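Working notes, beginning with the structure itself.
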Amino acid sequence: MNVSDVVVVGAGLFGLTVAERLADRGMDVTVVDRRAEIGGNAASAFCPRTGIEVHTYGSHLFHTSNERVWAYVNRFTTFTSYEHRVWTTYRGEVFPMPINLGTINQFFRSAMGPDAARALIAEQAAELDGREPANLDEKGISLVGRPLYEAFIRGYTAKQWQTDPRLLPASIISRLPVRYTYDNRYFDDTHQGLPTDGYGAWFARMVDHPRIDVRLGCDFFDPTQPVHRGAVVGQAPVVFTGPVDQYFDLAAGPLAWRTLDLQQEVLPTGDHQGAAVMNYADEDVPETRVHEFRHLHPERAYPKDATVIMRERSRFAEPGDEPYYPVNTPEDRARLATYRELAAQEQGVHFGGRLGTYKYLDMHMAIGSALTMVDNQLADLP
Ligand code: FDA
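With the first letter of the sequence shown counted as 1, position 316 gets the number 316 in UniProt numbering; the numbers rise by one all the way through.
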């Protein structure tokens, strides 16, 4: 290949941000991705049958309180005023999420004010009597009390992890949000919304630069590709946003991930569930969530007789599955420490993004950390 000034592996938001910033500084950037589209897990596509924008890898809501990130993303797209709200079905009844005063009063068939609700939850959460929670079950009880935990968290968590929460470590959850108001907005960030003309248009504008060359369907580990690890590392600086364990040929063992099975359907109705996301808290319902994408854009003229839904189920990832959420067992953390050491020694390769650092990152965090990498690690590139 003709080596450009920098090679970016992965056209997710981390890679796109790095590529755009470096091109803006006058560098020639080659971006490769093994997928057929840019945007990584935030990619979307318009359903050819209905014209509805479908988030290919599950609902993606943009939200941030980081002013630098907000100013940056607004250079490429405007945002709608969409505010995300989520509901959950439990034993045939629908409740607002995250747990708020509306959820509490509906669940306990009461009309408590904030002080009374706070006192009730504190009393129920005191069940462990100061003892350290021994597992996720006890941690959940210590955070929101047994009744709310067992209704809204226990079954959902068991489905997410395919494991009885009594067998899961307490460290998986550090807090469970409970609001003692009727505010049921899912995010409380300063800014939230959806890109007005879609994620695809936003991402296309980021790479619409004469110095950026995007090559799709190109796996960095495939030696038959013109841009691959053996041909590039040592020849040009690399920003690598793929899985860090794969980069080192699983030398310290594989890092564990959870994946999602996402099943998309077009239904012959103008509205299936009345909201963008419905969680299913019951353990005997196999789905964790159902997404209905039309509700993300109430301002658009979508058809009145068809809708697109996506059923989501969660399980541990097998080799070949898309990695979505780090499992993060003590064994994973030990392996990650080894990969971090290897990464620090790998000359000319910068590891970033959720796969490159084995961290769950929201979109604004991926963008923010990419901007920081450009400032701190890539500022002096030739
Ligand atoms: P990302 O995974 O997006 O990109 C990495 C890219 O590297 C991929 O395109 C991949 O194909 C490519 N790649 C990997 N290996 C490669 C190789 N060997 N060769 C070439 N290319 C390779 N965030 C948020 O803010 N709001 C939300 O609502 C949601 N919702 C959400 C739902 C679900 C189900 C998930 C899993 C995640 C979210 N997110 C989210 C998080 C969001 O998806 C995340 O912040 C970004 O995807 C992170 O961007 P990255 O660039 O780090 O990774």
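Ideal placement from N, C-alpha and C gives every residue a C-beta, glycine not left out. Just so it is clear, the structure is predicted and the values come from calculations on it, not from any experiment.
Count the other CB atoms within 10 Å of the CB of residue i; is the residue buried (16 or more) or exposed (fewer)?
i: residue 119; result: exposed
i: residue 53; result: buried
i: residue 23; result: buried
i: residue 74; result: exposed
i: residue 264; result: exposed
i: residue 128; result: exposed
i: residue 44; result: buried
i: residue 137; result: buried
i: residue 92; result: exposed
i: residue 20; result: buried
i: residue 33; result: buried
i: residue 316; result: exposed
i: residue 372; result: exposed
i: residue 326; result: buried
i: residue 125; result: buried
i: residue 4; result: buried
i: residue 160; result: buried
i: residue 294; result: buried
i: residue 36; result: exposed
Can the beta-carbon of residue i be found less than 7 Å from the beta-carbon of residue j?
i: residue 143; j: residue 176; result: yes
i: residue 153; j: residue 140; result: yes
i: residue 243; j: residue 355; result: yes
i: residue 281; j: residue 155; result: yes
i: residue 117; j: residue 180; result: yes
i: residue 199; j: residue 39; result: yes
i: residue 80; j: residue 196; result: yes
i: residue 283; j: residue 311; result: no
i: residue 259; j: residue 322; result: yes
i: residue 42; j: residue 13; result: yes
i: residue 133; j: residue 170; result: yes
i: residue 342; j: residue 203; result: no
i: residue 292; j: residue 309; result: yes
i: residue 96; j: residue 87; result: yes
i: residue 252; j: residue 339; result: yes
i: residue 239; j: residue 350; result: yes
i: residue 266; j: residue 301; result: no
i: residue 223; j: residue 217; result: no
i: residue 368; j: residue 66; result: yes
i: residue 46; j: residue 205; result: no
i: residue 50; j: residue 303; result: yes
i: residue 313; j: residue 261; result: yes
i: residue 336; j: residue 237; result: no
i: residue 370; j: residue 18; result: yes
If you run the structure through DSSP and keep just helix, strand and coil, what is residue i?
i: residue 41; result: helix
i: residue 147; result: helix
i: residue 96; result: strand
i: residue 111; result: coil
i: residue 120; result: helix
i: residue 248; result: coil
i: residue 263; result: strand
i: residue 67; result: helix
i: residue 279; result: strand
i: residue 103; result: helix
i: residue 50; result: coil
i: residue 80; result: coil
i: residue 75; result: coil
i: residue 56; result: coil
i: residue 372; result: helix
i: residue 292; result: strand
Under the assumption that residue i contacts residue j (Cβ atoms under 8 Å), give the Cβ distance between them as a whole number of angstroms.
i: residue 29; j: residue 6; result: 5 Å
i: residue 184; j: residue 113; result: Their Cβ separation, rounded to whole angstroms, is 17 Å, which puts residue 184 and residue 113 out of contact at 8 Å.
i: residue 363; j: residue 62; result: 6 Å
i: residue 192; j: residue 83; result: 6 Å
i: residue 215; j: residue 227; result: 6 Å
i: residue 273; j: residue 290; result: 6 Å
Report the residue ranges of all alpha helix (DSSP H) runs contained in full by the stretch 301-359; include only those spanning at least 4 residues, in chain order. DSSP runs (the alpha helix (DSSP H)) wholly in the stretch 301-359: 330-345 and 353-357.
- Task: Could you name each continuous alpha helix (DSSP H) segment of 4 residues or more that falls completely within the stretch 152-199, going from the start of the chain to the end?
- Result: Counting whole runs of 4 or more residues, the stretch 152-199 contains the alpha helix (DSSP H) stretches 155-161.
Please give the ranges of any alpha helix (DSSP H) in the stretch 5-38, keeping only runs that are unbroken, at least 4 residues long and fully inside the region. The qualifying runs are 13-24.
Where are the alpha helix (DSSP H) runs, 4 residues long or more, that stay fully inside the stretch 195-246, in chain order? With a minimum length of 4 residues, the continuous alpha helix (DSSP H) runs that stay inside the stretch 195-246 are 199-206 and 229-232.
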